[in-house]
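Going line by line, the protein sequences match chains C and X.
Using the numbering used here, the first residue of the first sequence is number 1, and each one after it goes up by one.
Using the numbering used here, the first residue of the second sequence is number 1, and each one after it goes up by one.
For each residue, glycine too, the CB sits at the ideal point set by N, CA and C.
Since we're looking at a predicted model, the values are computed, not measured.
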Amino acid sequence: MAYVPLADQDDPHALHDPHSFITKYVWSQDHKVIAIQYGGTAIFVGLIALGLSILMRLQLGFPDSISWIDPAFYYQAVTMHGMIMVVYLLTALFLGGFGNYLIPLMCGTRDMVFPFLNMLSFWFYLLSVIILLASFFVTGGPAGAGWTLYAPQSITAGTPGSGGGMLLMLISLAVFIVAFTMGGLNYVTTILQARTRGMTLMRMPLSIWGIFTATVLGLFAFPALLVSAIMLGFDLVLGTSFFMPAMMQLGEQSTQDGGSPILFQHLFWFFGHPEVYIVALPAFGLVSDVIATHARKNIFGYRMMVWAIIAIGGLSFLVWAHHMYVSGMNPYFGFFFATTTLIIAVPTALKVYNWVLTLWQGNIRLNTPMLFAIGFIFTFVHGGLTGLFLGNVIIDVPLADTYFVVAHFHMVMGVSPVLVLYAALYHWYPKMTGRMYNETMGKVHFWCTFLGTYAIYLPMHYLGFLGVPRRYYEMGNTDFVPATAQALNANITIAAIFVATAQVLFFINIFMSLRKEKDAGGNPWGATTLEWQTPDTPPKHGNWGPELPTVYRWAYDYSVPGAKQDFIPQNEPGEEYEKTFHTRGHS
Amino acid sequence: MSLYRQVTEKPWNQVGLPDGIEARPTFQVPDQKVALVLFVIVACVLFSLLTVSYYLRIAWGAGDWVPVSEPATLWINTGVLVACSAVFQWSVIQARRQEAIRLTSMAGLLFVAGGLLTLVFIAGQYTAWQTLIGGGYTLQSNPANAFFYLLTGVHILHLAGGLWVWTKALFNMRSGANPGDSRLSIELCTWYWHFLLLVWFGLFYVLSTT
Ligand code: HEM
Ligand SMILES: [Cu+2]
């Protein structure tokens, strides 16, 4: 063979194309396949969580209409629903799914820097999901003390699923954390080290900034969950008393005593609050790119957006105890955490203003991704505002553990990220499959989801004012709640069933569209970022053909005056009107 | 470009290749090193949280804390772990001098010795556990004991993870991996062992002062 200098050799990735079905689609080390595996698994468990929420709603709206929903099952449904939605759906789909898909494509690399570790990450995630679902089949059923798993309740005999179910939950979480850590190290290292030439940090699309910062948060926050899971597991299985105070269990003095339940709460929320932002920051990033692309305008205040993401990430570690105002903590403590909570609203509000200002005078295309993105701005502002109320101790004390809280967190971290997920799924679907989805069906899906979720959650705020408690199977000694609340509850349930059913549209749309010809082309939106500039759509193994792209400009050159088109791709040198490196006159 | 300069850039003003035509990573070191440093940071967070929990359990528990009297074996074990680090460090120094790195060369042998000493340390920790259990300091009898087993256990798990990577490096060396890779493996293992030695100093201090 003739001698080829190292620099001129093809990239090794391009040479080792996997050929068999197994290495291509099952034990794949290709980030795009892993992304789809992650995404598919996450959506699958998400549907289970959705099903559980409908069962809960049936019980609340039409008490005792389904005979086998007893209080124990209700609590287990609440717990599994909450945990699956937050951890196994949203975290996995944003970071494992979109992180995996977009990082190498947007940064211009062929793959993650450690592809094997990446594959392992997915299989550990799948294992954690299987363990979690297995808990439905053990005696006593799955864990049932709320997704917060508060000790001592969660592991006290008498609580539904306090034995095997709880143990499986803890093991599953530990496995998930291992999976996340493997993936997370990969994402961060890839973003830091493997960007293609010309892709400076400040030329990265905001999606990457969001995913990057969220991953770093995850790497810092998940250890807290791991520590609490291990210690809780010890208390449960080995009879230690890290968290277990002296108490009576089933009429007997328990053997464990002296532990500190408050310690558990601190550990849990030291993870739990950053977790909110682990879900929110990638959503912020993705939605910024969707908005800029479909408004044909550069994102307003790019640098501010980046700094805001970082500031929110940092501050998110200083607010955790706002979930514990009613735990009997020192009032000065509460004062401190209320202050930090209000401070974090500043960079968050800044981001909202910037999204709105990006829309301002844009050439807006109201297609499905954009509708979902704009819907997100609404629900996020809504949930954010109620968050300001709950962040204040005095207001939180009467509202804690009522439906006002349920309404708040569903708006801000349930509906909002889900709307972004849909925006992103529709937006990148043509790249992932090479096909366009059905626009009309997408729009119908949007309006059903958006209006439907308002029909669910808006009335819940009012239920909260009436004092309807959270995590209740049925009204007990709650005479202060007027009987009319029941009518409201029934309506909410009908809306929930409607919304859940409407999601079928999404699945019909993506599966039907798969059967069409490849009609989307490489860059149907006229977007600037690198993933839309790949030689093949969907991108082949190795992403870029023989040569990696070179980046000459930031990610938001939309509607640049004087340019031929209303967008200039990042890898476009643009020699006609600009010569190599120079500074444009004004900012 | 410094990191600060990079994040204060005004990207909308620049067209072209501001940092030259070569792709440059953010940190001028191998990817593996970046990943290791990140992992070490994560592990630091984990051990810090465990330590914080330790003190909070003392402060917030029901006053049931009875300090463990640490078995003297721990001092010997500490010595073994120090020796581990020293041997690994020596292996790095040798590896820098050698052209090729084989298992039977000086660097290779030292590297193997480092791993084996780690096994001795783990066995030593196990003996310490046995001593404690023999003395009635069981897991359940007191939170101080429980924490003792927990903290030492988590530390051992980290060493075990290191040993896994160490084993892989050994296999690579045996099948004649290129010297650059082997040198990197040796260096990264050494860093990691130094880190776990520091963690052990911290844990030992915490455990024996309370
Ligand atoms: C149509 C969609 C949804 C419906 C109808 C729904 C309904 C419910 C219901 C009825 C509860 C129990 C309230 C109670 O009894 O206290 C609940 C709790 C919860 N939901 Fe959802 N939910 C939906 C989507 C989501 C999503 C997307 C998330 C993601 C963050 C989420 C996160 C949670 C959490 C964290 C809890 C608290 C669990 C607990 O109290 O331990 N939900 N949801
Ligand atoms: Cu919070």
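- If you keep only unbroken alpha helix (DSSP H) runs of at least 4 residues inside the stretch 390-430 of chain C, you get 393-399 and 403-409.
- At a cut-off of 9 Å, the C-beta of A23 (chain X) has a neighbouring C-beta in chain C.
- Taking the Cβ atoms as the reference, A179 (chain C) lies roughly 19 Å from L281 (chain C), outside the contact range of under 8 Å.
- Against chain X, a Cβ distance below 8 Å from W554 (chain C) picks out P11, W12 and Q14.
- Along the stretch 21-45 of chain X, the positions whose C-beta sits under 7 Å from a C-beta of chain C are I21, E22, A23, P25, T26, F27, D31, V34, A35, L38, F39, V42 and V45, read in chain order.
- Closer than 9 Å at the C-beta level to chain X, one finds these residues of the stretch 295-308 of chain C: N298, Y302, R303, V306 and W307.
- The C-alpha of G414 (chain C) lies about 50 Å from the C-alpha of M173 (chain X).
- Where T41 (chain C) is concerned, the enclosing alpha helix (DSSP H) starts and stops at H31 to G61.
- Along the stretch 166-183 of chain C, going in chain order, the ones with a CB nearer than 7 Å to a CB of chain X are T181.
- Under the 8 Å Cβ criterion, the stretch 34-46 of chain C counts as touching the stretch 95-109 of chain C, having at least three qualifying pairs.
- T348 (chain C) has its alpha-carbon roughly 7 Å from the corresponding atom of I312 (chain C).
- At a cut-off of 9 Å between beta carbons, Q6 (chain X) contacts chain C.
- At a C-beta separation below 8 Å, P143 (chain X) has these neighbours in chain C: T240, S241, F242, G258 and G259.
- Contact between the stretch 181-201 of chain C and the stretch 143-163 of chain C is absent: fewer than 3 CB-CB pairs across the two stretches fall below 8 Å.
- Setting aside the 5 residues that flank it on each side, I377 (chain C) is surrounded in the same chain by W355, each with a C-beta closer than 6 Å to its C-beta; the list follows chain order.
- Within chain C, the residues whose beta carbon sits less than 7 Å from that of W60 (chain X) are S260, I262 and L263, listed in sequence order.
- Between ligand 2 and the CB of W269 (chain C), the shortest heavy atom gap is smaller than 8 Å.
- For A146 (chain X), the neighbours in chain C by C-beta distance under 7 Å run, in chain order, F234, T240 and F242.
- Residues of chain X whose Cβ lies closer than 9 Å to the Cβ of R195 (chain C) are, in chain order, A23, R24, P25 and T26.
- DSSP assignment within the stretch 307-361 of chain C yields no whole beta strand (DSSP E) run of 3 residues or more.
- With a threshold of 8 Å, the Cβ atom of W147 (chain C) does not count as near ligand 2, since no heavy atom of the ligand is closer than that.
- Shortest gap from the CB of R470 (chain C) to any heavy atom of ligand 1: under 8 Å.
- Taken from the Cβ of W428 (chain C), every heavy atom of ligand 2 lies 8 Å or farther away.
- Under the 9 Å criterion on CB atoms, I230 (chain C) is classed as interfacial with respect to chain X.
- Contact fails between the stretch 83-103 of chain X and the stretch 47-59 of chain X, because fewer than three Cβ pairs, one in each stretch, are under 8 Å apart.
- The nearest non-hydrogen atom of ligand 1 is 8 Å or more from the C-beta of P71 (chain C).
- In the displayed model, Y558 (chain C) falls within a strand according to three-state DSSP.
- Take P30 (chain X), set aside five residues on each side of it, and the residues of its chain with a beta-carbon closer than 8 Å to its own are L184, in chain order.
- Check the Cα spacing between A59 (chain X) and each of C:G258, C:M204 and C:V87: the tightest is with C:G258.
- Remark: three or more beta-carbon pairs, one from each stretch, lie closer than 8 Å, so the stretch 207-221 of chain C and the stretch 169-186 of chain C are flagged as touching.
- Rounded to the nearest angstrom, the gap between the Cα atoms of A128 (chain X) and F465 (chain C) is 58 Å.
- Membership of S69 (chain X) in any alpha helix (DSSP H) is not indicated, and neither H nor E is assigned to it by DSSP.
- A residue is called buried when at least 16 other Cβ atoms come within 10 angstroms of its Cβ; D536 (chain C) does not meet this threshold and is exposed.
- Between ligand 1 and F409 (chain C), a heavy atom-to-CB distance of less than 8 Å is present.
- Pairing T41 (chain C) with F94 (chain C) gives a Cβ-Cβ distance that is not under 9 Å.
- Taking all protein chains in view, the Cβ of S91 (chain X) is crowded by 16 or more other Cβ atoms within 10 Å, so the residue is classified as buried.
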